[in-house]
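Sequence lines, in order, name chains A and B.
Counting in our numbering, the first sequence runs from 1 upward without gaps.
Counting in our numbering, the second sequence runs from 1 upward without gaps.
Below you'll find the structure, written out as structure tokens, and then a few comments.
There are 2 protein chains.
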Amino acid sequence: MRSAVGLAAVAEGAPIDRTPRERILLAARDLFYRHGIHAVGVEAIAETASTNKMTLYRHFRSKDDLIVAYAQQLANEGDEVLDRILAENTDCPQRQIAAWVDFVEDVLTNKRERGCALANAAVELEATHPARAVIEAYKQRKHDRLVGLFRAAQYRDPDLLADEVFLLFEGARISIQCGGKGPALRVVGMLRGLLASRPKAA
Amino acid sequence: MRSAVGLAAVAEGAPIDRTPRERILLAARDLFYRHGIHAVGVEAIAETASTNKMTLYRHFRSKDDLIVAYAQQLANEGDEVLDRILAENTDCPQRQIAAWVDFVEDVLTNKRERGCALANAAVELEATHPARAVIEAYKQRKHDRLVGLFRAAQYRDPDLLADEVFLLFEGARISIQCGGKGPALRVVGMLRGLLASRPKAA
DNA sequence: CACTAGTGCTACCGATCGGTAACATTCTCG
DNA sequence: CGAGAATGTTACCGATCGGTAGCACTAGTG
């Protein structure tokens with residue numbers, strides 16, 4: 001049951017047989033998430049990736065470019081995680097939903113959890129930064145997929161339910177680093193209760 | 001109905017008859033919120049406050065010190081806003097709650113809204129930064145006051161309700177800058193529905 | 001073997017960062 | 001008025017920022 005979140009959360013050392021570009025993205029993912037985008041310099045990223053600044057700039061035109069690739073990477077993986085969860089429970093929306101809640105539980109109880117990396121990035125970046133478009137599109141997509149899921153499970157008001165679930169989850173992730181972990185950890189129970197008690201209909 | 005949020009949101013020019021310290025805090029509040037803590041230099045803050053770096057450092061030992069004062073200021077004002085809302089509706093918990101939801105509506109529909117300034121700060125600061133303690137204490141306090149409010153209004157499970165309302169609100173504030181404004185703006189209706197439908201008891 | 005593409009390395013650039021010294025100026029208030 | 005405190009101004013510090021030039025090195029390919 002190793003979390004899908006932590007699978008690449010650590011990039012220390014990293015003299016593995018990966019291409020420099022991959023190692024740089026790994027390092028950026030780790031450092032940006034742990035310390036914030038503005039707090040991490042490109043030199044530190046290159047060093048963590050067991051390479052140097054020049055190689056970094058051969059693969060990314062600028063730090064902003066790297067930030068966009070970082071966001072894109074996270075968005076892609078988020079999509080893939082949901083793809084996988086859905087694929088493992090085909091044609092049974094209830095089980096798909098339950099599996100997603102299990103995944104949420106994994107995420108929130110991960111001790112490295114520092115909130116949603118994409119939301120954190122959005123906080124740090126100006127509204128005009130190109131990475132913001134990637135982030136907003138991802139979040140929109142995620143919300144829409146929840147709607148589809150709840151519609152498939154025949155909930156009476158899938159839009160409303162998706163709003164609630166989406167906001168509760170987002171609230172939990174941001175709260176885990178500044179709202180007391182209590183409410184954030186109790187959100188899984190709340191979600192299960194919510195999903196069980198909501199009316200369904202044809 | 002001018003928002004309690006925007007009352008000091010703009011600090012431009014600012015050659016008003018305020019003490020330099022006040023102007024610096026005003027400027028920090030504005031710039032930190034709009035651009036993020038790490039993205040704003042002390043020189044820019046001093047300039048916006050119509051003063052200079054030396055005066056800034058006469059009132060704050062370091063930028064970190066200023067950040068702590070910034071967080072403290074926001075926390076105090078948050079407390080005071082809730083104080084005022086409660087004081088204006090003494091001895092009628094239902095009206096207090098309704099007034100708080102109205103306030104939430106004001107906050108979320110403010111076009112300058114960029115999420116909770118304290119949450120945003122927490123995202124940018126390391127867990128060991130002294131301002132983090134201020135932020136976490138404030139959020140904890142806020143959550144506890146919600147519990148008290150719902151208990152006073154005789155909801156059957158005030159703790160659970162407070163968790164839900166708290167997380168929905170936090171989720172809405174973070175989502176407004178990266179989750180599509182849709183769910184965030186619909187949260188007010190959700191809150192009103194939630195509060196109206198929840199069972200009360202003795 | 002020679003050629004090429006990718007990488008490592010070092011030294012450097014101008015700009016800006018947080019923070020300070022020293023001194024001139026203004027303001028407050030007895 | 002006169003004294004002391006607060007503020008303004010300028011110039012500066014070392015460190016670090018994002019980003020680049022130039023060249024040595026390695027590895028794969030024909």
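Positions of the beta carbon are idealized from the N, C-alpha and C atoms, including for glycine.
Between residue i and the rest of its own chain, which residues show a CB-CB distance below 8 Å, the 5 nearest in sequence each way excluded?
i	result
H38 (chain B)	E124
V188 (chain B)	V101, V104, E105 and L108
Q215 (chain B)	This structure cannot settle anything about residue 215 (chain B), because the visible part of chain B is limited to 1 through 202.
Check each candidate in the options and name the one with the smallest Cα separation from residue i.
i	options	result
K200 (chain B)	B:R156, B:G180 and B:F169	B:R156
A71 (chain A)	A:L26, A:H143 and A:P20	A:L26
H129 (chain B)	B:L66, B:D79 and B:G182	B:L66
A122 (chain A)	A:D91, A:D144, A:L191 and A:A75	A:A75
D144 (chain B)	B:D79, B:R95 and B:D64	B:D79
Report yes if the CB atom of residue i is closer than 8 Å to the CB atom of residue j, and no otherwise.
i	j	result
I85 (chain A)	L195 (chain A)	no
L160 (chain B)	P93 (chain B)	no
A119 (chain B)	C178 (chain A)	yes
A44 (chain B)	R23 (chain B)	no
V40 (chain B)	L31 (chain B)	yes
E136 (chain B)	G180 (chain A)	yes
What separation, rounded to the nearest whole angstrom, lies between the Cα atoms of residue i and residue j?
i	j	result
A28 (chain A)	Y138 (chain B)	32 Å
V134 (chain A)	E126 (chain A)	13 Å
D163 (chain A)	K111 (chain B)	21 Å
R198 (chain B)	S197 (chain A)	13 Å
R192 (chain A)	R186 (chain A)	10 Å
R18 (chain A)	T51 (chain A)	12 Å
A69 (chain A)	L146 (chain B)	41 Å
P15 (chain B)	E113 (chain A)	The pLDDT assigned to P15 (chain B) is 49, lower than 50, so where the model puts this residue is not dependable; a value taken from the coordinates is nonetheless given after this. Their backbone Cα atoms lie some 44 Å apart in a straight line.
R141 (chain B)	Y33 (chain A)	27 Å
L82 (chain B)	E88 (chain B)	10 Å
K63 (chain A)	P158 (chain A)	40 Å
R95 (chain B)	M190 (chain B)	17 Å
Here's a check: name, in chain order, each residue in its chain whose Cβ is nearer than 6 Å to the Cβ of residue i, leaving out the five neighbours to either side.
i	result
R173 (chain A)	G115 and C116
T90 (chain A)	none
A46 (chain A)	N52, K53 and L56
H59 (chain B)	R21
A99 (chain B)	I85 and N89
Report all residues from its chain with a CB closer than 7 Å to the CB of residue i; omit the five preceding and five following residues, and keep chain order.
i	result
A184 (chain A)	L108, A172, S175 and I176
Item to check | Sufficient close CB pairs (3 or more, under 8 Å) joining the segment 153-173 of chain B to the segment 139-159 of chain A | outcome: Here the segment 153-173 of chain B makes no contact with the segment 139-159 of chain A; the two share fewer than three CB pairs at distances below 8 Å.
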